[in-house]
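In the working numbering, the protein residues as written are 95 to 288.
Report on the following structure.
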Amino acid sequence: MRESKKFKVPDELANLYEFANSLDLRHFIHHGVQHQQHDDLQGPRDLAAWMAERDLLRPGAKVSPEIFAAALSLREGVLAYLACAPDERRTSKTTLQALNTATRPFPLLAEASTEGIVLRPARDDASAGLAQIVAELQNAAAIGTLDRLKMCDAEECRRVFFDRSKPGTRRWCVSTLCGNRIKTRTYRERRHAG
Ligand SMILES: [Zn+2]
C-alpha cells in the first residue's frame with residue numbers, strides 16, 4: 095500500500111508527499127531497534143522505477159543523469175521548504191530562492207482542459223513526471239493544503255507528514271512516537287537540570 099494512502103494524504107499532493115519522503119532520514123530507536131536511514135532514489139534507474147510506479151513516467155522516456163541530478167536538487171529544495179513552518183515559508187528568502195532554483199528545470203504550461211485550467215509539464219521527456227510534482231506543489235499552495243504538509247519536529251525523524259488535525263498545529267509525524275519521545279527526553283533533562 096502506498097504511504098500516502100496509509101496516512102490519508104489527499105490525492106492532489108500524494109506524489110509530492112511520497113517524493114519528499116523518498117529520502118528516509120529517520121534514525122531513532124523504536125522498541126530497541128535502530129531505524130535504518132534509506133534513500134529510495136539512489137540512481138537514475140531507481141528514479142525511473144519510482145516514477146513508473148506512480149504513472150509519472152511516459153512510455154519510452156529515459157531518466158538521464160542530468161534529470162536525475164535535477165530531481166535530487168528538486169527534492170532538496172522541497173525538503174528545505176517543508177522544513178520551514180508555514181508562516182516562515184513566505185518570509186525565508188534563502189529557502190524561496192533555493193526552491194525556485196530547484197524547480198527551474200521543470201517548466202509548466204497553463205492548459206485549458208475539461209478539468210478547468212491546469213498546469214501541465216511543458217516538456218515531454220522524463221522530466222515531465224517531476225514537473226507534475228512541481229504542479230502538485232503549486233496547486234496545493236493555491237488551495238491551501240500545502241500548509242498542512244510539514245516536517246516532523248523530531249531531529250531524529252524529519253519525516254514529512256500531512257497534518258489532519260483540526261487546528262493544524264501538529265508538530266510530530268506520529269504524536270505517540272516522536273512526540274512522546276521528545277516529551278520524555280525534555281522531562282528527563284529538566285529533572286536532571288533541577
Ligand atoms: Zn516523526
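We put the beta carbon where it would ideally sit given N, CA and C, even for glycine.
According to the DSSP secondary-structure assignment, G210 is paired through a beta bridge with S207.
The DSSP assignment places no complete beta strand (DSSP E) segment of no fewer than 3 residues inside the stretch 116 to 177. In this structure, A248 has its beta carbon less than 7 angstroms from a heavy atom of ligand 1.
Taking all protein chains shown into account, P215 has 16 or more neighbouring C-beta atoms within 10 Å of its C-beta and is therefore buried. For F200, the three-state secondary structure derived from DSSP is coil.
The three-state reading of DSSP puts F101 in coil, since its state is none of H, G, I, E or B. Just so you know, the alpha carbons of D218 and R152 end up roughly 8 angstroms apart. Rounded to whole angstroms, the separation of the alpha carbons of K156 and E147 is 15 angstroms.
Here DSSP, grouped into helix, strand and coil, assigns K244 to strand.
The DSSP-derived three-state label of V228 is helix. Distance between V172 and L193, taken at the CA atoms: about 6 angstroms. Within a 10 Å sphere around the beta-carbon of Q226 sit 16 or more other beta-carbons, which makes this residue buried.
With a cutoff of 8 angstroms on beta-carbon distance, Y111 and L224 are scored as not near each other. Per DSSP, K260 is not a residue of any alpha helix (DSSP H), being assigned neither H nor E.
With a contact defined as Cβ atoms closer than 8 angstroms, S158 and P138 qualify at about 7 angstroms.
I123 and L271 have their C-alpha atoms some 10 angstroms from each other. Residue pairing for P215: DSSP places it in a beta bridge opposite L202.
Taking the Cβ of R253 as the reference point, at least one heavy atom of ligand 1 falls within a distance shorter than 7 angstroms.
No residue range can be given for L107, since it is assigned to no alpha helix (DSSP H) and is classified by DSSP as neither H nor E. Your pair D118 and Q131 checks out as a contact, with CB atoms roughly 6 angstroms apart and the cut at 8 angstroms.
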